[in-house]
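Chains as they are written, first to last, in the working numbering: chain A, 1 to 287; chain B, 288 to 838; chain C, 839 to 1437; chain D, 1438 to 1754. What follows is one structure encoded as structure tokens, with my remarks underneath.
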Amino acid sequence: MNSQTAPATIRGPSANLGRYFRNRTLVTGIALALFVLLPSFLGGLIYGRDPYELHLGQQLLAPSGEFPLGTDSLGRDVLALVFDGGRATLIVALPAAALAFVVGLLYGLASAIGPAWLDRVLMRTLDTFLALPSLVVLIFFASMITLTNTTLIMLIGFISWASLARLVRNEAIAQRGRDFVLAAEQLGGGRWYVARVHLIRVMAPILAVNGTFLIGDSIFALSALSFLGLGVQPPQASWGSLLDSALDIIALDPWWLLLGPGVMIFAALLASSLIGQGLNARFGARS
Amino acid sequence: MQRINIMATLLATALATHNPAHAEDPCDTLVIPPGAGISGPSDVTALNFLLANSQMNEAVAGMLFTGLINMDKTDQIDYAHSIASKIEDFDNGTRYRVTMHPWLWSDGKPVTSDDVLFTWETIEKLGDNYVAAGEGGIPDLVANVKALNSEQFEVTLKSPANPLWFELNGLGQLTPLPRHAWGNFTADQLYENQSDPKFFSVVDGPFRIENFVMGRSISFVPNPRYPLEQTPFKRMVFKFVNSDGAELQGIAAGELDLANLPHEAFKAGNSVANSHLVPMAPPFGYGYIGLNFKNPKVAFFNDLAVRQAIQDSIDEKTMIAALWHGYGVEVYGPVPPVPPTFLSPEAKAGKFPIGYDPAKAIALLNQAGYVPGPDGIRAKNGVRLEFTLIVPSGTSTSLMMAQMMQPGLRSSGILMHIQQEDFNQMWASLIRHLSTWQAYTLVWSTSPYPSGETIFNTGGAFNFTGYSDPEMDRLIADSASKPGLEALYKYQDYASEHLPYIFLPDTVNTMLVRNGIGGPDRLITPAGGYNPQLLTLNRKACHAAHAFHAR
Amino acid sequence: MSAALELDRLSVALRRSGRDMSVLDELSLTIAPGEMQALVGESGSGKSIAALSILGLLPRGAKVTGSIRLAGKELVGLSENGLRDMRGRDVGMIFQNPLSALNPSRTIGAQIAEAYTVHHRSAPKAEVAARVHELMTRVRLEPAAERARQYPHEFSGGMRQRAMIAMALANGPKLLIADEPTTGLDPVVAGEVMDLIGELKRAGMAILFVTHDLSVVERHADRIHVLYAGKSAEWGPARTVLAAPRHPYTEALLNSVPRLGAERLRGIQGNLPEPEQRPSGCRFRTRCRLAYEDCAKVPPATTFQDDTALCWLPLDDAARATIQAEEVVAAHPPLAKGQLLTLDHVAVRYERPFGSFAKRAERDQLAEISFSVGRGECMGVVGSSGSGKSTLGRAILQMVQYRGDITLDGVSFTGLRGEARSAARRRIQVVFQDPKESLNPRLTVGQSIGEALRLGGLRDWGAIRERTAELLGSVSLPAAIAEAIPSGISGGQAQRVAIARALAADPEVIVLDEPTASLDVSTQATLLNLLKDLGRAKGLSYILISHDLAVVSYLADRIMVLQDGRAVEFGTSQSVLHSPSTDYTRRLVGAAAHVPAAV
Amino acid sequence: MLRTLFTRGSASFLSIALLITMVFIMAHLPPGGPAFSILGVKATPASVAAINSRLGLSIPLWQQYLIWWGHLLTGNLGNSYLLNRPVAQILGSYFVNTIAFYTISILVSVAASIGLGLVQGVYYGRWPARVIDFYQLAFYALPGFLVGTVLIMFFSVRLGWLPASGIVDVRDISPGIGSFAAHLVLPVTTVALLTTASLSRYFGEAVHEELGKEYVRTAAAKGVSFSAILFKHVLRNALRPLITILGLSFPYIFTGGVTVETVFDYPGLGWLMWRSALERDYPVVIAIVLIIGVLTVLGNFLADVVNGLLDPRASYE
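Have a look at this one:
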């Protein structure tokens, strides 16, 4: 038997860790995410101003030394409000995204792995959710329940898991037929073993990408609801409610009221799609 | 490829045909956001005043059907602008004979006493569904109503009543309705079409309905057969707007003719082009804090000294200065000070048992045994003077008032927390007399004759606080039954001293009016009368304003 | 008359990650009308680039030097318009997989017509229709009118390729370039396409036939030009090159093609060097057995009987004999004993489940197959695509529902449930066709093999590492490869890992489903040798499934031929190959590659 | 072909019915209900009870449900609690406004997406495509209400070119097409900017993918010019995924649209849905959810039909 010479190029997983940081989209995405997260959670402490203090007689001031982002119609410091609003938005949107991710993943896997009738039932209920624009359903349910942080998390979580579930299900069914899965089953791997070891690992890029998109979607959903007065309830400020108050007195051209929340929402959503695409490019190359 | 440029040309032609200079003269139409001058923006949802459930619905109904009795600026009957020309009372206030002006419906038929009878029959048919059931003795105090001849009718009560009270609060509800147009409708049918313009084609007020676009706008045209002042405009449109800011935007863009100026935009309001500010007369009502006397956690509210200390710790003057730029009236009793018609002699002289006196508040609490704790908050046998005030979300004024009271109360040793709640949920818990809430703040618009009959008497329809005082009950009953104003004055002074409510100033609206429109101060009367037909037009000034926009 | 096509030192460099990479170096060849020139080389040899450069269809940024003269007209440096006029009119081209080479949403007739109207703008409709009709009859696509209205997905592989040919001939070009037209087609259908191309050649057309498989062009090519890693290795008349190859690479290439009756295949060791790492001088020297220090210098071109080779030690008869003799021919083991695996009336019917999302399941059904395989025996299953051979494999592996009964070592699968069933299934393992698909892309080689061991009950980490290294060695792979990920190793190596993983379960039967179909000819040979030796060493029974009779004949003791789900022939490989009973098998044997007749 | 459409149609109807049931149950769970928003300050225990009995809210829930389905099948969508008018009457003009608004927005978006997509597909990786990538990234991350508010601030407040809200200038007795169009410019631009961002991305990728396909090389080998290849071969195949996405994207376009309608105070179904939700006017809310559900199903259905026509293979599956 003739033996083989050593293979010319062996590329283990660790060899290309460096490529993470040359991936420009991913790096910008992470930078933007920090630009959103740090001020929202630490900004308030550092800036030290009480966002809900009413500075009488100083309503609707344009940005000045004393008020870097000006004051709102009640005379409150907009910069402090943007920090506090950011915190309020994120402590609801992030857990909601996590909830949607977990529910979506399990629902999708159960539907793909389980018996055919379960798949048909789960898919039918899924279609009902996806048949309607998410915001319409959100508005409807938001007007029903008393809005607290927990109910909002449940609400947004339960609306956005549907699209991930369908994605996971379709992807799992596609991957289930691949040769290496059949080989693993032949070696004795059971359904859940195959799902845990092979399917999730090979779906990791799809899950990572859509996981980050989910964060963007939840921030959008919460801000939209707050903008419509059905999200974070006053007196707690949030990016959406700040924008709404700006629109309220748009005739007075309060551009500084728009600037703060607008930039933060844009940065948050952009960060989530950039990180998503960065991961996609990063994983896409390998799987 | 050609599909794309077809669409481009379509869009271009649409834009080209929009000529900024309107075809008709913009000054022929008056555009008002409903609620301007009264309250915040609110839609018109119903036209039948028997079922109208909001101030704005009542106002619109008043424009279609002239009231049997309308009040003037000093809150007294204005016979010149009412259908009633004379009211005589007999048998110690048990029988009332009303004589009517000659009046015509918009279809030419005369308005007769039979139409008043029809209104009364309908009120009886509606029973609990009648929106103002229980006010002014209508319907349970009335024995019968009969027509003497086509211009006169007589109302007989079951027991004697103070004529002034019954005429203002009760008789005013019997506005005539066209029997020949509505005759055969059942109560349910009245509900079905309470917002259907076709049903209200026969009217006797200054306006007739031209069009009603649900949820968006309602437009009127003058009723030629209305005998009193006719509006100079060809058309009037109530454009529903959903926020104060949007009203401001409407003025700036030339779409609206007058608007409520939100207090926060007061400074900016001056700078809006082609318009000027007009402060309105204060409304006939007052702000208040309702205290839950039935809630064990805040039992100290039942102690008069605590209530007086709270009232003495509230600096109404600075509130008015900060929130409404000085346009506002301090209120220390159940009868709004403007117009002073029903004020008791002491109130008129400005002598009130309670005012803003922080030192007195501290003295009262010390005397009553409330000892300040380590953090300055007073307590008596273990119970701290601490409570939560519920504020309706949506209006920023009540939130700001609550926040301005906190420091004053704290310095007197009383800790007040603020919690915002949606109005509907808040009202639902009040209605059910739940004992979970501690204190709430709202605005109360008093009836023309300011008796406290539904709010302070034991078991009153709107007495949610659980306040019950035999002496107060007696005084209220007298003011409704005994003639003259003596009983009303005693009730006022007693309430000012015993504070069933903590009294607060009410919001005074400032109007932003486009140049060319005159007489906004005559738009509203304290008793809630709404008379847009009294607004005047200076066409030249109006054209100048609109010309600015017709580029 | 002048040559139809003359290439003179044609070189092409492509732009890859910012730098210009030379992919083809100084290729020179000429084709006369009525002559077929075969351009042979494995993947990465630059043969397709050469074909595309003639039509000027190279990717953006490619640099072409040297000259391409088509019927005397120079093409290098011609303007885009000039090139466009030439394409389709003077030169026709057909490509590898015909399904994706045709526009799925336009009818066949329309696509053929377009080839004609592009160069005959003002041709009236009737003339175009007549031309299309004539072309379709010429390539035997009857009835032409009805066929013209059909869409590509309604045609079989062979018919689609014939449609491509019709398109290429639309304007009667002087030169036809065929880039691997028969790869992926069944041998029988491929044969028909080759006959059609042969007719065109005899009708006077010059043909440049690009392929990686010498056996395809043996009967039709007039001249053969062998390329290795972008450089010409040997060129000359087909007969002499095939009978007496003078360049060691050509000889090795000829001998890696599995042929009926071939005793021992000889693959080529090592892998094709990446363009950046090409050795100096003779580029084959790192893999050539006769290489010595002179080979590092550029080899001279020596010609013998019009057959030129670029090699310092061109082979002669003696050298060829010594190479072949080196192969130790082990005695063929006696027929296996006993009955390890028996199938009794096994049948599979695929209904398309109502509204299910399954991919388009294979349409085939399997009807009443019965046979049994002894311990250590290799059972060959041959058939064209859609004959049900893969379904049979999956039935044995219990991957699909089937009627009938399969027993392993006396125990029937039908009654088994749960743990017992999966233990029984573990005794039969599988190696799939696509090496990269059979390994989880996100697991390293070590992890894939480790998983097979862990599922077999081995828990201790150290033992797993050790056993993995052992298994890798048994498929002649270095232990270091355990750290690599599938995308980092070659196709041949990945297939060996798959075999190692199968061995990890110490199976008694291995189902080999087209194990070498997607490998290069040379790598295929070494893999088949590995399988043969492993089977003998470990006493494994194989079910070898393939569409290539030659590959099956090389390993199998007995062969079954499947057609449309039914066994049409079954017997020892000798009896099936030499005295086939059905004409379908006869045609299969005819189409398979044979040992070339003597010169 | 028809069989698949029928199964898909009935499946979607089933899901819509399921959804309506869920919506109905959710609508009647919370305490309070519409009585308080109707009576407002005048609510007393007696009047609340009277309202509830008149609106049929005091009978058990499952009876209400059956009655409600009975009405639905006879086309009666019940009465709005607040406006005491049959919901069908109220929805009339709002429905028309929404359809007009979305049709124009979608037409504009599709036209823009085809244009941008072609450029992005052909110049893939070079600067024109990079610019389009950046636009898509930015507007994929900008919510409708933010874009709308900024457009109002620039174009109607500062420049005063375009009206900021509403659908017609109430001052005009007979508002012409011009006034209607002027009011539509900003809302349509907002929705178009958002929709085009995602649509052109799909189309661009589809064009790029098709250009990489082998049948393009075959056409080139036949001597067909690049532009002919682009428009005769590639465009047709690239349109198919665009139409499927368009069919599926109606819910997302509408999601964006709801906030845009509220920002521009445009009287469409989205605006009415928001107001009715705030006022707890459930019949109107349920009716809108029903209509949007049906519109979405129609959207998918239409996309399937059009795709079937475009792709011969689909008709054979």
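We treat Cβ as the ideally placed atom computed from N, Cα and C, and that holds for glycine.
Not one beta carbon of chain D lies nearer than 8 Å to the beta carbon of C/Phe1047.
Distance from B/Asn802 to B/Ser562 at the Cβ level is roughly 6 Å; contact confirmed, criterion being Cβ atoms closer than 8 Å.
Of the residues B/Pro661, B/Gln536 and B/Val508, the one whose Cα lies closest to the Cα of D/Thr1586 is B/Gln536. Following the DSSP letters along the chain, one finds B/Phe580 in no beta strand (DSSP E), marked with neither H nor E. Excluding the 5 residues flanking it on each side, A/Ile265 has same chain C-beta neighbours closer than 6 Å at Ser223 and Trp239, in chain order.
Contact with chain A is found for C/Arg1339, since one of that chain's Cβ atoms lies less than 8 Å from the residue's Cβ.
Distances from the CA of B/Ala348 to each of B/Asn335, B/Leu355, B/Ser341 and B/Asp359 were compared; the closest alpha carbon is that of B/Asn335.
Per DSSP, the unbroken beta strand (DSSP E) holding B/Ile374 starts and ends at Ala371 to Phe377. One thing to note: B/Val795 has its Cβ no nearer than 8 Å to the Cβ of B/Gly572.
D/Phe1582 is positioned such that its CB atom lies closer than 8 Å to that of D/Val1697. Contact annotation: in the region 402-436 of chain B, residues whose CB is within less than 7 Å of a CB in chain D are Asp415, Asn416 and Val418.
Take the alpha-carbon of C/Ala951 and the one of D/Asp1606: they are about 58 Å apart.
Residue pairing from DSSP places B/His704 in a beta bridge opposite B/Thr675.
If you check the CB distance, D/Val1695 and A/Val136 come in under 8 Å. With a contact defined as Cβ atoms closer than 8 Å, A/Leu214 and A/Phe101 qualify at about 6 Å.
In terms of beta-carbon proximity, A/Pro115 stays away from the interface with chain B, with every pair separated by 8 Å or more. Annotation: D/Ile1725 to A/Ala112 spans about 33 Å, alpha carbon to alpha carbon. No Cβ-Cβ contact shorter than 8 Å links A/Val232 with A/Ala98. In the assembly as shown, A/Glu53 is an exposed residue. Its beta-carbon has fewer than 16 other beta-carbons within 10 Å. For C/Arg847, the enclosing beta strand (DSSP E) begins and ends at Leu843 to Arg854. For the region 1668-1688 of chain D, the set of positions with a beta-carbon nearer than 7 Å to some beta-carbon of chain A reads Pro1688 in chain order.
Assigned with DSSP and collapsed to three states, B/His563 falls in strand.
Residue range Arg1404 to Thr1410 is occupied by the beta strand (DSSP E) that includes C/Thr1410, with no alpha helix (DSSP H) assigned at that position. Straight-line measurement puts the Cα of B/Gly459 at about 14 Å from the Cα of B/Glu441.
A distance below 7 Å between beta-carbons, with the five flanking residues on each side excluded, links C/Val966 to the following residues of its chain, in chain order: Ala951, Tyr954 and Thr955. Cβ proximity to chain C below 9 Å picks out nothing from the region 1533-1563 of chain D. Put simply, of C/Ile1337, C/Arg1040 and C/Ala1394 the residue whose alpha carbon is nearest the alpha carbon of C/Ser1411 is C/Ala1394. For A/Leu187, the nearest CB of chain C lies under 8 Å from its own CB, placing it at the interface with that chain. For chain A, the residues of the region 1714-1727 of chain D that bring a beta carbon within less than 7 Å of one of its beta carbons are Ala1714, Leu1715, Arg1717, Val1722 and Val1726, in chain order. The contact set of C/Val956 on chain D, defined by CB atoms closer than 7 Å, consists of Lys1659, Gly1660 and Val1661 in chain order. Within the same chain, Tyr383 and Arg384 come within 8 Å of B/Phe377 by CB-CB distance, once the 5 residues on both sides are set aside. Exposed is the label assigned to C/Ser1118, since fewer than 16 other Cβ atoms lie within 10 Å of its Cβ. Relative to the Cα of D/Ala1634, the nearest Cα in the group D/Ser1495, D/Tyr1502, D/Ile1682 and D/Asn1744 belongs to D/Ile1682. Taking the Cβ atoms as the reference, B/Glu422 lies roughly 27 Å from B/Leu821, outside the contact range of under 8 Å. Using a Cβ distance threshold of 8 Å, C/Pro936 and C/Gln988 do not count as a contacting pair.
Excluding the 5 residues flanking it on each side, D/Arg1567 has no same chain C-beta neighbour closer than 8 Å.
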